[in-house]
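*Asks:* Got a structure here, written out as structure tokens. Questions coming.
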Amino acid sequence: MRIDARDIHVRFGDAQVLRGVALAVGPGEMVGLIGANGAGKSTLLRVLAGVQAPGEGAVLYDGRPSRAIGERELARRVAFLAQDGEALWPLSVAAVVALGRLPYRRPFAGLSAADRAAVGRAMGAAEVKPFRERVVGTLSGGERMRVLLARALAVEGDILLADEPIAALDPLHQLQVMALLRATARRGAGVVVVLHDLTLAARFCGRLVLLSGGRVLADGPAEAVLADANVAEAYGVTLARGERAGETYLLPWEPVAVGCHGHAHIREER
Numbered sequence: 005m006r007i008d009a010r011d012i013h014v015r016f017g018d019a020q021v022l023r024g025v026a027l028a029v030g031p032g033e034m035v036g037l038i039g040a041n042g043a044g045k046s047t048l049l050r051v052l053a054g055v056q057a058p059g060e061g062a063v064l065y066d067g068r069p070s071r072a073i074g075e076r077e078l079a080r081r082v083a084f085l086a087q088d089g090e091a092l093w094p095l096s097v098a099a100v101v102a103l104g105r106l107p108y109r110r111p112f113a114g115l116s117a118a119d120r121a122a123v124g125r126a127m128g129a130a131e132v133k134p135f136r137e138r139v140v141g142t143l144s145g146g147e148r149m150r151v152l153l154a155r156a157l158a159v160e161g162d163i164l165l166a167d168e169p170i171a172a173l174d175p176l177h178q179l180q181v182m183a184l185l186r187a188t189a190r191r192g193a194g195v196v197v198v199l200h201d202l203t204l205a206a207r208f209c210g211r212l213v214l215l216s217g218g219r220v221l222a223d224g225p226a227e228a229v230l231a232d233a234n235v236a237e238a239y240g241v242t243l244a245r246g247e248r249a250g251e252t253y254l255l256p257w258e259p260v261a262v263g264c265h266g267h268a269h270i271r272e273e274r
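Under my numbering, the first residue of the sequence shown is numbered 5, with each subsequent residue one higher.
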């Protein structure tokens with residue numbers, strides 16, 4: 005499936021959150037959606053998922069609007085992991101992951117063999133099988149996030165939209181989840197993931213989309229998107245850059261200097 009968002013505008017009260025955003029994502033792509041807090045990343049992801057209706061513009065799924073596809077079919081083809089997804093119900097891990105198969109099930113029907121197989125694959129991929137019988141509310145924040153990721157993976161959709169899936173994870177599981185998302189894309193799904201860690205975004209995503217002030221400031225390969233001028237404008241910081249095993253890592257280093265007219269200027273390295 006290909007998602008094509010065209011001229012998306014979203015306003016919440018007096019706040020214009022998205023301003024004419026265009027974004028297309030196709031099969032096999034892993035796109036990192038980056039930007040400062042309040043840039044509009046989560047809102048854009050909800051619009052792509054069909055959860056948030058844009059005030060202006062349109063989202064097409066293989067060239068069709070969501071109303072032409074239907075809610076059930078869209079839920080089968082687009083999996084969405086929300087940033088603030090809660091998992092506080094008194095359900096086991098296995099039961100929560102199985103919720104990802106609801107779009108495939110008839111009313112009041114149990115899990116089919118295909119459903120059970122998909123749930124097993126998802127729990128294995130997210131490494132939550134060891135606590136499959138535990139009640140989700142007893143898990144740590146990072147463990148719950150992996151359960152919710154497994155629920156999204158169980159959909160086995162054409163598109164996976166994940167909003168900050170590594171925010172609550174320790175470094176090992178951050179690397180494992182990013183590798184899992186990349187493997188999902190390599191199997192043919194389109195993946196869009198909201199990230200704040202620029203090193204992981206550059207390392208794992210084939211393409212970055214940088215939002216600033218509700219607009220797309222840059223869209224393309226990491227080395228172009230994370231140019232000093234773009235980072236200074238979007239984040240108000242300079243980056244320290246290094247290399248390990250042929251890959252670049254980036255660290256936020258210091259705030260940019262602000263000139264007398266309010267313009268940001270990159271400080272020279274000392």
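Even glycine gets a Cβ: it sits at the ideal position worked out from N, Cα and C.
The structure presented is a predicted model; accordingly, all values stated were derived computationally and were not measured.
#1: Using the Cα positions of D174 and F135, report the straight-line distance between them to the nearest angstrom.
#2: Report the residue from R248, L152 and L52 whose alpha carbon sits nearest the alpha carbon of R81.
#3: If you run the structure through DSSP and keep just helix, strand and coil, what is F112?
#4: Please list the terminal residues of the continuous beta strand (DSSP E) segment that includes Q20.
#5: On a CA-only basis, which of R23, S46, H177 and G32 is nearest E168? Give me that one, please.
#6: To which residues does DSSP link V181 through a beta bridge?
#7: Can you tell which of D162, E227 and A233 has its C-alpha closest to the C-alpha of G30?
#8: What separation, rounded to the nearest whole angstrom, lies between the Cα atoms of E41 and G218?
#9: Classify L199 as helix, strand or coil using the three-state DSSP reduction.
#10: Under 8 Å, with one C-beta from each stretch per pair, do the stretch 19-30 and the stretch 69-81 reach the 3-pair mark?
#11: Cα separation between V139 and A99?
#12: Which residues in the same chain have their Cβ closer than 8 Å to the Cβ of D223, if we skip the five residues on either side of it in sequence?
#13: With distances taken Cα to Cα, identify the nearest neighbour of S216 among E227, G240 and G194.
*Replies:* So, from the listed chains and residues:
#1: Locating residue 174 in the sequence shown gives position 170, counting from the first residue. Locating residue 135 in the sequence shown gives position 131, counting from the first residue. Roughly 18 Å separates the two Cα atoms.
#2: What you label residue 81 is simply residue 77 of the sequence shown in a count that begins at 1. Nearest Cα to R81 within the set R248, L152 and L52: L52.
#3: Counting from one through the sequence shown, the residue named residue 112 turns up at place 108. In the structure shown, F112 sits in coil (DSSP, three-state: anything other than H, G, I, E or B).
#4: Position 16 of the sequence shown, counted from the first residue, corresponds to residue 20. Boundaries of the beta strand (DSSP E) around Q20: A19 to V29.
#5: As a first step, residue 168 must be located in the sequence shown, where it is residue number 164. That would be S46, whose Cα lies nearest to the Cα of E168.
#6: As a position in the sequence shown, residue 181 is number 177, starting the count at 1. DSSP, once it has assigned bridges, lists no residue as partnering V181.
#7: Against the sequence shown, residue 30 aligns to sequence position 26. Measuring from the Cα of G30, the nearest candidate turns out to be D162.
#8: Your numbering for residue 41 matches position 37 in the sequence shown. Your numbering for residue 218 matches position 214 in the sequence shown. Residue identity check: residue 41 is Asn in the sequence provided, not Glu. For N41 and G218, the distance between alpha carbons rounds to 11 Å.
#9: If you number the sequence shown from 1, residue 199 lands on position 195. In the structure shown, L199 sits in coil (DSSP, three-state: anything other than H, G, I, E or B).
#10: no
#11: Stepping through the sequence shown from its first residue, residue 139 is reached at position 135. Stepping through the sequence shown from its first residue, residue 99 is reached at position 95. In a straight line, the C-alpha of V139 is about 9 Å away from that of A99.
#12: On the sequence shown, residue 223 is found 219 positions in, with the first residue counted as 1. Taken in chain order, the residues that qualify are L27, R211, L212, V213, L214 and V229.
#13: As a position in the sequence shown, residue 216 is number 212, starting the count at 1. Considering only alpha carbons, the answer is G240.
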